[in-house]
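Report on one structure; see the data block that follows.
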Amino acid sequence: MLSLTLNRPSLFPNSPSLSNTPGSVPAGTPLPPGYHLVYFTPAFLENELGADGTDVSYNPESPFTRRMWAGGEVHWPRDADGKPNPLRVGQEIQETTKVLSAEPKVVRKTGEEMIVVGVEKEFRNEFGVAVLDRRNSTIVVDILCNTVAVTLFRFSALTFNPHKIHYSTPWAREVEGHKDIVVHGPLNLISILDLWRDTQQLDHNDPGLVLPEKISYRATSPLYVDDEYCIVLEEGDGVGRVQILTPDGTLAMNAEINSAK
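Reminder that position 22 of the sequence shown reads as 22 in the UniProt record's numbering, one-by-one numbering, no gaps.
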């Protein structure tokens with residue numbers, strides 16, 4: 001379902017189309033990098049959510065009640081032979097979450113106070129750690145993309161994410177001060193990883209094992225529904241540097257991807 005939400009008819013080159021096709025993905029199929037983000041989603045009753053629709057798992061006390069995804073890094077550990085341990089369809093996975101830090105900060109331009117909460121999520125299968133995902137939330141090649149409201153709705157549904165900035169125009173504009181509903185930070189991260197793996201799979205015998213060693217990323221400016229934005233990837237010396245640029249050229253997210261040595 002995530003692949004179809006991203007308008008990708010198949011998981012990998014030469015793999016069967018998933019569009020309007022009965023049946024499920026075969027057991028043992030590797031998950032593409034970033035696809036772990038739609039699993040282990042928070043399960044809360046509606047009356048347990050914050051005012052902005054987010055879960056309150058790591059929220060501090062009032063007045064720090066509004067959340068934005070700020071950045072982080074994801075590792076795909078290698079074994080002694082340099083091979084990744086991908087998550088696969090049908091595996092039993094254990095996810096462990098830790099709060100690593102909670103740091104107060106002040107926005108220079110506005111003087112607004114915020115708290116940056118650092119969280120670590122570890123995903124294990126029967127072979128050990130497969131993904132180590134560290135992310136920060138603030139509580140307050142060249143391709144063109146255009147994320148429409150339907151995509152945001154479907155991604156919110158897949159991730160069980162009721163954050164109102166992604167679907168409620170009145171909330172996004174009148175309460176949060178955005179010009180429109182906001183594209184999800186995790187959706188941008190997956191778009192970056194999809195672009196990277198598209199460039200790598202051309203020279204790889206097993207596309208399912210195309211996993212970077214690590215990605216570090218930082219969100220610097222929001223992207224909005226229906227805006228055409230640009231994802232630029234530059235590669236060299238085993239490092240991919242990625243920028244997402246808004247229609248006016250503002251940097252919305254940057255990332256650095258380390259390929260396996």
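The beta-carbon is built from N, C-alpha and C at its ideal position, and this holds for glycine as well.
This one's a predicted model, so the numbers in the text were calculated from it and none came from an experiment.
DSSP places W196 inside the alpha helix (DSSP H), whose first and last residues are 185-200.
Look at P84 here: in three-state DSSP terms it is strand. Scanning the region 54-126 from its first residue to its last, the whole beta strand (DSSP E) runs of 3-plus residues come out as 67-75, 94-106, 113-125. The alpha-carbon of P13 is positioned some 41 angstroms away from that of N59. Counting the other CB atoms within 10 Å of its CB gives M253 a total of 16 or more, which places it among the buried residues. With 16 or more other CB atoms across the displayed protein chains lying within 10 angstroms of its CB, G71 is buried.
Using a Cβ distance threshold of 7 angstroms, P84 and R78 count as a contacting pair.
Between L195 and L158, the C-beta spacing is not below 7 angstroms. For R8, there is no enclosing alpha helix (DSSP H), as DSSP marks it with neither H nor E.
Between G28 and the set R88, V183, E228, the nearest pair of CA atoms involves R88. In terms of Cβ geometry, P42 and S62 do not form a close pair [threshold 7 angstroms]. Counting along the chain, the unbroken alpha helix (DSSP H) around V150 starts and ends at 149-158. In its chain, beyond the 5 residues on either side, S3, L4, P9, S10, L11, V25 have a beta carbon closer than 8 angstroms to the beta carbon of L18. Looking at the backbone, the Cα of E103 and that of R66 are separated by about 15 angstroms. Beta-carbon to beta-carbon, L100 and V116 are separated by about 11 angstroms, too far to satisfy the 8 angstroms threshold. Distance between A51 and E112, taken at the CA atoms: about 19 angstroms. Close CB contacts of V242 within its chain, under the 6 angstroms cut and outside five residues either way in sequence, are with I192, L233, A255 (chain order).
K214 is bridged by DSSP to H75, N258. P212 and E73 have their alpha carbons spaced roughly 12 angstroms apart. Boundaries for D52: no beta strand (DSSP E) harbours it, and the DSSP string shows neither H nor E there. V148 and I190 have their C-alpha atoms some 16 angstroms from each other. In the structure shown, G238 falls within a coil segment according to DSSP collapsed to helix, strand and coil. Per DSSP, N161 lies in no beta strand (DSSP E) segment and is marked neither H nor E. Judged by DSSP in its simplified three-state form, L37 adopts helix. Note on geometry: alpha-carbon atoms of W76 and D55 lie some 27 angstroms from one another.
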